[in-house]
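Colleague:
There are 2 protein chains.
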Amino acid sequence: MHDADQPTPRRTTHSEDEVDRLIASWNTERPDLDVAPLHVLSRVSRLARHLDRARRAAFAEHNLEPWEFDVLTALRRSGSPYELSPGALLRATLVTSGTMTNRIDRLTAAGLVRRRPDPEDRRGVLVSLTERGCRQVDAAFADLLRRERQILAGLGPDDRETLANLLRTLLTPFDA
Amino acid sequence: MHDADQPTPRRTTHSEDEVDRLIASWNTERPDLDVAPLHVLSRVSRLARHLDRARRAAFAEHNLEPWEFDVLTALRRSGSPYELSPGALLRATLVTSGTMTNRIDRLTAAGLVRRRPDPEDRRGVLVSLTERGCRQVDAAFADLLRRERQILAGLGPDDRETLANLLRTLLTPFDA
DNA sequence: GTGTACTGTCTTGACATCGAGATACTTTGG
DNA sequence: CCAAAGTATCTCGATGTCAAGACAGTACAC
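Chains as they are written, first to last, in the numbering used here: chain Z, 88 to 263; chain W, 88 to 263.
1. Helix, strand or coil: which one does DSSP assign to residue 216 of chain Z?
2. Taking Cβ-Cβ distances below 8 Å as the criterion, which residues of the stretch 240 to 261 of chain Z are in contact with chain W?
3. My parser needs the alpha helix (DSSP H) runs of 4 or more residues fully inside the stretch 138 to 214 of chain W; what are they?
4. If contact is defined by three or more beta carbon pairs under 8 Å, each pair taking one atom from either stretch, is the stretch 175 to 188 of chain Z in contact with the stretch 230 to 242 of chain Z?
5. When the Cα of residue 232 of chain W is compared with those of W:253, W:141 and W:202, which residue comes out closest?
6. If we ignore side chains and look at the alpha-carbon of each, how far apart do residue 224 of chain Z and residue 160 of chain Z end up?
7. Taking C-beta pairs closer than 7 Å, name the residues in chain Z that residue 118 of chain W reaches, listed in chain order.
8. Assuming the contact rule is C-beta atoms closer than 8 Å, residue 153 of chain W and residue 164 of chain W should be a hit. Round their C-beta distance to whole Å, please.
9. Can you tell me the Cα-Cα spacing of residue 171 of chain W and residue 126 of chain Z, whole angstroms?
10. Starting from residue 118 of chain W, follow the alpha helix (DSSP H) in both directions and report where the run begins and ends.
11. Tell me, to the nearest whole angstrom, how far the beta carbon of residue 260 of chain W is from that of residue 243 of chain Z; I am working on the premise that it is less than 8 Å.
12. Taking residue 229 of chain W as the reference, which of Z:124, Z:111 and Z:205 has the closest Cα?
13. Determine the direct distance from the alpha carbon of residue 119 of chain W to that of residue 220 of chain Z, and round the result to whole angstroms.
14. Would you list, in chain order, the members of the stretch 153 to 173 of chain W that have their beta-carbon closer than 8 Å to a beta-carbon of chain Z?
15. Do residue 199 of chain W and residue 162 of chain W have their CB atoms nearer than 7 Å?
16. Using beta carbons (cut-off 7 Å, strictly below), is residue 105 of chain Z in contact with chain W?
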């Protein structure tokens, strides 16, 4: 449709990144397509991938897998007595019930959570953090925040706020 | 450290999202921690998750799995004759060699790619797109771009550019 | 009350991924 | 020309996930 404004040198000198190269190859192969959305969304995906790696590294220091951290933080954030049903946990972590059963089994075996029957609903179960689970998730979370601060080091406070607000705008439609 | 500036009404009215609620629970449970990095990075992760869902939906319309699309686009972007080695493909898609072998097997079975021995290196193999593979990836990609435009609809052109540039700044250290 | 629909959890089977190692071939250096 | 190191691909076993369905218990309407 509009070929002319694709290559305009509109933005101030930014060093080229992988996504710019990706987009350049698309522009060569499919000049008919407007691939501008990739400028934002491919970067979101790639950054998320790197974040996953950083998370994995942070947790490994505390002998936790990312999935373990996800479950433990959900419990931790729920506040004392750090106890939730498997159903609540799977809604918090967006996994299926089969996966959650498996996770709780392994976390129980590792001594990080405990299972007990729900006294108010005989179908139900309650999962709670053990002392060790609580200590470990707190340590891992502090470590994670340190690394995330590193990743954000290239941005000033105003840029961070701008970025957070723009991302929230994109995210809001999904939260509904 | 600084309790006072967390609840300041500094940003102009934005509706609260899931991440704001997440951060609020952390502030309740661990008021000693500065969880500000989550404002940016949790949103990046969550948005990436939603993007994955959108991708999956777009590809399903064309009978493609996300992993199939990843391999096919790498070939498509490489330009005519749409042929790359398994090694080049695994570098492009960031999976292990075992995974790539498996993927190529299945794509071959589906008639979307072809394998042939590399005439210049008898260890090697070359993988190329079939007619059908090319048509299918083109259709799926066009569909994906439509959906990505939808996701970005809430942002004006200037905001998109700002967002892309901020994300690039965060991404650059990783590309090295 | 009793049947029907619903909810919460667990079980099972299929599947894609990874990591480590095997195999075949090529390159390099003496 | 040969040996050693390097490269390209594939094989295999273990793992974590999901989807579908089984099972037990609850809630509501009649």
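Glycine is no exception: its CB is placed at the ideal position from the N, C-alpha and C atoms.
Modeller: Based on what the coordinates show:
1. As a working mapping, residue 216 of chain Z is identified with position 129 in the first sequence. Residue state, collapsed to three classes: strand.
2. 241, 242, 246, 247, 248, 249, 250, 251, 252, 253, 254, 255, 256, 257, 258, 259, 260 and 261
3. 153 to 164, 173 to 180 and 184 to 196
4. no
5. Taking the second sequence and counting its residues from 1, the one referred to as residue 232 of chain W is at position 145. When only C-alpha atoms are compared, the closest one is W:141.
6. Within the first sequence, the letter at position 137 stands for residue 224 of chain Z. Within the first sequence, the letter at position 73 stands for residue 160 of chain Z. Residue 224 of chain Z and residue 160 of chain Z: Cα-Cα distance of roughly 7 Å.
7. As a first step, residue 118 of chain W is located in the second sequence; it is residue number 31 there, counting from the start. By Cβ distance, chain Z contributes nothing, its closest Cβ being about 12 Å from residue 118 of chain W, past 7 Å.
8. One-based indexing of the second sequence puts residue 153 of chain W at position 66. One-based indexing of the second sequence puts residue 164 of chain W at position 77. So it is not a contact: roughly 16 Å between Cβ atoms.
9. For this step, residue 171 of chain W is matched to residue 84 along the second sequence. For this step, residue 126 of chain Z is matched to residue 39 along the first sequence. C-alpha separation (whole angstroms): 25 Å.
10. Start at 1 with the first residue of the second sequence, and residue 118 of chain W comes out as number 31. Careful: residue 118 of chain W lies outside any alpha helix (DSSP H) and carries neither H nor E.
11. Locating residue 260 of chain W in the second sequence gives position 173, where the first residue counts as 1. Locating residue 243 of chain Z in the first sequence gives position 156, where the first residue counts as 1. Residue 260 of chain W to residue 243 of chain Z, Cβ: 16 Å. No contact.
12. Reading the second sequence from its first residue, position 142 is the one you call residue 229 of chain W. Taking only the C-alpha atoms, the option nearest residue 229 of chain W is Z:124.
13. As a working note, residue 220 of chain Z is residue 133 in the first sequence. As a working note, residue 119 of chain W is residue 32 in the second sequence. Roughly 19 Å separates the two Cα atoms.
14. 163, 164, 165 and 166
15. On the second sequence, residue 199 of chain W is found 112 positions in, with the first residue counted as 1. On the second sequence, residue 162 of chain W is found 75 positions in, with the first residue counted as 1. For residue 199 of chain W and residue 162 of chain W, no; Cβs fall outside 7 Å.
16. Your numbering for residue 105 of chain Z matches position 18 in the first sequence. True, the Cβ-Cβ gap to chain W drops below 7 Å.
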